[in-house]
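*Asks:*
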Amino acid sequence: MASLTVRTPDGKVRTVSLLKRITSLGRGPDNDVPLEDSGVPPNALHVTFDGTRYEVGSLGATFHVNGKRRDNHALSTGDVVKVGGTELTFSREDALREPVRRELPERDASFASPVAGSSDSHTSELPGVAGRELVLLKRLTAFSERLFGSYDVDRILESLLDEAIEVTRADKGFLILMDSGEPRMKAARNVARENIEDAVEKLSDSIIAKVVKDQKAIIVADALDTPEFKASESVVNLKVHSVMCVPVMHKGDLFGVLYVGNDRLVNRFEPKSLDMLTVFAAQASLLLQNAMLVNDLKLDNTELRRKLEDQRYGDIVGACPGMRDVYKRIDKIAPTDISVLITGETGTGKELIAREIHRRSPRTKGPFITVNCGAIPENLLESELFGHAKGAFTGAVATKAGKFQAAIGGTLFLDEIGEMPLQLQVKLLRALQEKVVYKVGENRGEPVDIRVVAATNKILEEEVKRNAFREDLYYRLNVVTVKLPPLRERGEDIVLLSQVFIKKYAREFNSKARGFTPAAAVSMKKYGWPGNIRELENRLKKAVVLADKPLLGPDDLDLKPENLEPIMPLIQAKEEFQKRYINEVLARNNGNRTKTAKDLGVDPRTIFRHLEKLEAEKTGRPLPPEENEELL
């Protein structure tokens with residue numbers, strides 16, 4: 071016989087036998103195999119048996135077989151299926167088939183013949199019901215394969231209903247999808263494969279309401295004779311007889327309802343047909359979600375182009391409040407020739423900002439020269455900046471100009487300026503003050519007409535305090551500061567940047583990836599992005615290269631729940647906000663503590679206490695004893 075050994079996250083292990091043609095698994099208690107795992111949707115998987123093999127498929131959950139992500143999989147002994155934190159190990163004995171045949175109902179002559187084109191001799195021995203189920207399963211598989219490449223939602227809706235009507239032998243079918251929590255008719259077809267006019271008036275709203283409320287499939291042999299429905303106005307007026315109605319689920323949530331009926335016959339549908347329609351509804355959910363997401367993606371691409379026009383500043387993408395402040399600052403400083411210091415965490419795009427300052431300046435036709443002060447060895451950095459004369463040192467076989475000379479008429483961008491050695495800082499200061507540089511090994515100075523833009527991920531004020539950076543050079547470079555916000559504070563910019571990167575790398579690597587799922591968007595906004603835009607780009611580049619489907623999910627971006635920022639206790643969150651807000655108001659008031667206290671409406675002692683805490687955090691010294699102080 072066939073069985074699944076279930077190992078749940080709490081370590082409990084049990085073995086369940088697979089005795090049914092369709093076995094449902096999920097967190098919900100109505101499943102054939104309930105799974106005690108909060109990471110599993112209420113309706114997760116189904117295992118189907120066609121008389122020959124067992125196959126596992128999704129009812130909306132993501133699952134892996136032997137470590138590889140699958141949408142469906144033909145099971146073999148030893149296969150390990152993982153869904154949420156639960157592991158399901160499949161086992162099957164060779165003696166399975168004979169006992170199963172003995173338990174099946176009597177042969178139905180109309181379905182006793184083998185499936186056309188099948189080479190499996192065992193199929194001819196299957197009783198009628200099993201043979202019909204096998205036919206329907208094969209039809210469902212072929213139908214799904216035919217439509218999975220289609221993104222025409224209207225065509226898919228019609229095809230879904232036509233197939234559902236045929237396999238259940240109904241005379242009409244309706245597909246209702248949820249819209250803002252309310253059921254809305256999306257498609258209605260009859261047995262002649264025609265659209266039904268005035269479809270809302272042709273089905274029982276009481277039966278629909280029950281399925282929407284209970285989220286369970288129902289079969290009604292004769293609605294006019296069923297106590298629950300015979301008093302319903304819609305049942306009486308329509309003379310409703312046989313009905314099957316099943317919920318269409320997506321990741322545990324109600325996505326819609328599939329309804330088929332026959333108003334001429336009672337007892338038209340049998341329980342096996344309801345099982346088949348339930349599987350059909352699960353497959354319909356996948357097809358529709360795929361098509362609707364791709365259609366949304368097409369709209370998103372149109373919207374993306376519009377957003378990029380509205381939210382692009384030169385080559386910079388983003389329109390969060392922090393970036394808008396940056397753009398305003400650039401507009402003011404770019405036309406001038408003053409020195410600029412760009413600050414921000416690693417990977418926030420400081421070089422891109424420097425290029426935009428250059429592009430919008432009067433020097434735009436001149437060169438833009440970049441020097442990474444942290445990537446060049448100390449003994450070579452002076453030569454790299456100022457050039458060297460022939461014979462100035464071993465290996466100097468010819469006179470060479472430096473980056474200062476190369477940037478004449480344009481902009482020199484000194485990246486990672488905080489890494490520059492102290493000895494060289496003196497020479498850099500002299501070059502900036504005099505606008506004259508001296509090649510290594512020469513005493514004759516060369517005038518240079520350049521603008522200097524520097525960048526650092528360090529807090530240079532602190533570097534000055536610990537004598538790691540010259541104070542006079544700091545003030546020479548920091549005439550105007552442009553501070554870039556980290557990616558985690560940029561909100562919707564994360565989504566916009568992600569779409570830009572996916573489009574870029576999908577084209578470069580000829581990838582299937584076209585966008586990402588809503589769950590991926592949520593995960594990206596929750597993640598802290600310590601590497602900022604550089605990390606986002608690298609993760610998306612990797613995901614696009616490895617993608618085997620159009621929409622990237624959280625797993626494709628390695629954004630698992632354990633990678634997300636931990637939830638901060640409310641008291642700590644309030645303290646963090648208070649600290650940041652006081653610092654912002656202090657900065658706005660140029661450090662004036664009395665005015666800051668007045669603006670915030672607190673006692674000045676609160677501000678003094680705040681500054682004492684900051685100093686204690688920096689130095690590691692214990693805080694002075696607390697006095698009675700007013701809290702914000």
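Per our numbering, residue 71 is the first one in the sequence shown, and the count goes up by one each step. Each residue gets a CB set at the ideal place from its N, CA and C atoms; glycine is no exception. Since the model is a prediction, treat every value here as computed from it, not as a measurement.
Residue range of the alpha helix (DSSP H) that Ile400 falls in?
*Replies:* Ile400 -> alpha helix (DSSP H) spans Pro391 to Ile403.
*Asks:* Quick one: residues in its chain with C-beta nearer than 6 Å to the C-beta of Val306, no 5 flanking neighbours on either side, listed in chain order?
*Replies:* Closer than 6 Å at Cβ, skipping near neighbours: no residue.
*Asks:* Please tell me whether Asp345 and Ile564 are closer than 7 Å, where the distance is taken between their beta carbons.
*Replies:* Their beta carbons are not under 7 Å apart, which means Asp345 does not touch Ile564 by this criterion.
*Asks:* Report the partner residues of Lys92 according to the DSSP bridge assignment.
*Replies:* First, the residue type needs correcting, since residue 92 is Ile and not Lys in the sequence shown. For Ile92, which the question treats as bridged, DSSP gives the partners Thr118.
*Asks:* Taking the CB atoms as reference points, tell me whether Phe586 and Leu530 lie closer together than 7 Å.
*Replies:* It is not a contact, given that the beta carbons lie outside the stated cut-off.
*Asks:* Counting Cβ pairs closer than 8 Å, one from the region 494 to 512 and one from the region 549 to 566, do we hit at least three?
*Replies:* No, they do not touch.
*Asks:* What did DSSP end up calling Met255 once you bin it into helix, strand or coil?
*Replies:* DSSP places Met255 in strand when its eight states are reduced to three.
*Asks:* I'd like the list of long-range same chain contacts for Val316, defined as Cβ closer than 6 Å, with 5 residues on each side in sequence excluded.
*Replies:* Ala287, Leu328, Leu347, Thr348 and Ala351.
*Asks:* Could you please give the first and the last residue of the uninterrupted alpha helix (DSSP H) stretch that includes Lys595?
*Replies:* Element bounds for Lys595: Pro588 to Lys596.
*Asks:* Could you tell me if Thr676 is buried or exposed, where buried requires 16 or more neighbouring beta carbons within 10 angstroms of its beta carbon?
*Replies:* Buried, since its Cβ has 16 or more Cβ neighbours within 10 Å.
*Asks:* State the start and end residues of the unbroken alpha helix (DSSP H) segment that holds Val306.
*Replies:* Here the alpha helix (DSSP H) through Val306 covers Glu303 to Leu308.
*Asks:* Taking the C-alpha atoms as reference points, what is the distance between Leu227 and Ala589?
*Replies:* Leu227 and Ala589: Cα-Cα distance of roughly 25 Å.
*Asks:* With a CB to CB cut of under 6 Å and the five nearest residues on each side skipped, what residues in its chain are close to Gln642?
*Replies:* Once the five neighbours on either side are set aside, Gln642 has no close Cβ partner at all.
*Asks:* Taking 7 Å as the threshold (C-beta atoms), are Val318 and Gly326 in contact?
*Replies:* Taking 7 Å as the Cβ cut-off, Gly326 and Val318 qualify as a contacting pair.
*Asks:* Go ahead and label Arg433 buried or exposed: buried means 16 or more other beta carbons lie within 10 angstroms of its beta carbon, across all protein chains shown.
*Replies:* It counts as buried.
*Asks:* With distances taken between CB atoms, is the gap from Asp107 to Gly154 smaller than 7 Å?
*Replies:* Taking 7 Å as the Cβ cut-off, Asp107 and Gly154 qualify as a contacting pair.
*Asks:* Tell me the DSSP secondary structure of Pro620 in three-state form.
*Replies:* Residue state, collapsed to three classes: coil.
*Asks:* Across which residues does DSSP place His134 in a beta bridge pair?
*Replies:* The partner list for His134 (beta bridge, DSSP) reads Arg139 and Lys152.
*Asks:* Alpha carbon to alpha carbon, what distance is there between Thr132 and Leu450?
*Replies:* Approximately 54 Å, taken between the alpha carbons.
*Asks:* For Leu615, does the count of other Cβ atoms within 10 angstroms reach 16, so buried, or fall short, so exposed?
*Replies:* This sequence places Val at residue 615; Leu is not what is there. Result: exposed.
*Asks:* When DSSP labels each residue in this structure, what does His320 get in the three-state scheme?
*Replies:* Of the three classes helix, strand and coil, the one that applies to His320 here is strand, per DSSP.
*Asks:* List the DSSP bridge partners of Pro517.
*Replies:* Partner(s): Val506.
*Asks:* Please classify Asp295: is it buried, with 16 or more other beta-carbons within 10 angstroms of its beta-carbon, or exposed?
*Replies:* Label assigned to Asp295: exposed.
*Asks:* On a CA-only basis, which of Leu115, Leu245 and Val237 is nearest Arg225? Give me that one, please.
*Replies:* That would be Leu245, whose Cα lies nearest to the Cα of Arg225.
*Asks:* Using the Cα positions of Phe483 and Ala476, report the straight-line distance between them to the nearest angstrom.
*Replies:* The alpha-carbon atoms of Phe483 and Ala476 are separated by roughly 12 Å.
*Asks:* The alpha helix (DSSP H) spanning Leu566 covers which residue range?
*Replies:* Asp563 to Phe579 is the span of the alpha helix (DSSP H), which, as asked, contains Leu566.
*Asks:* Just the Cα atoms here: how many angstroms apart are Ala279 and Asp100?
*Replies:* If you take the alpha carbons of Ala279 and Asp100, they lie about 19 Å apart.
*Asks:* Would you kindly report the start and end of the unbroken beta strand (DSSP E) that includes Asp407?
*Replies:* Unbroken run through Asp407: none, as it is neither H nor E.
*Asks:* According to DSSP, is Phe244 part of a helix, a strand, or is it coil?
*Replies:* Of the three classes helix, strand and coil, the one that applies to Phe244 here is strand, per DSSP.
*Asks:* For Leu145, which three-state DSSP category applies?
*Replies:* Residue state, collapsed to three classes: coil.
*Asks:* With a threshold of 16 other CB atoms inside 10 Å of the CB of Arg540, please say whether the residue is buried or exposed.
*Replies:* With 16 or more other Cβ atoms within 10 Å, it is buried.
*Asks:* Evaluate Leu543 with the Cβ neighbour count: other Cβ atoms within 10 Å of its Cβ, from every protein chain shown; 16 or more gives buried, anything less gives exposed.
*Replies:* Under this definition Leu543 is a buried residue.
*Asks:* I believe Ala234 touches Val330 by the beta-carbon criterion, under 8 Å. Please report the beta-carbon distance rounded to the nearest angstrom.
*Replies:* Correct: roughly 6 Å between the Cβ atoms.
*Asks:* For Ser568, which residues in the same chain have their Cβ closer than 7 Å to its Cβ, ignoring the five residues on either side in sequence?
*Replies:* Taken in chain order, the residues that qualify are Phe586, Met594, Leu606 and Leu610.
*Asks:* Rounded C-beta distance between Ala466 and His458? I'm assuming under 8 Å.
*Replies:* The pair is a contact, with the Cβ atoms about 5 Å apart (cut-off 8 Å).
*Asks:* Determine the DSSP secondary structure at Ala424, reduced to helix, strand or coil.
*Replies:* Ala424 falls in the helix class under three-state DSSP.
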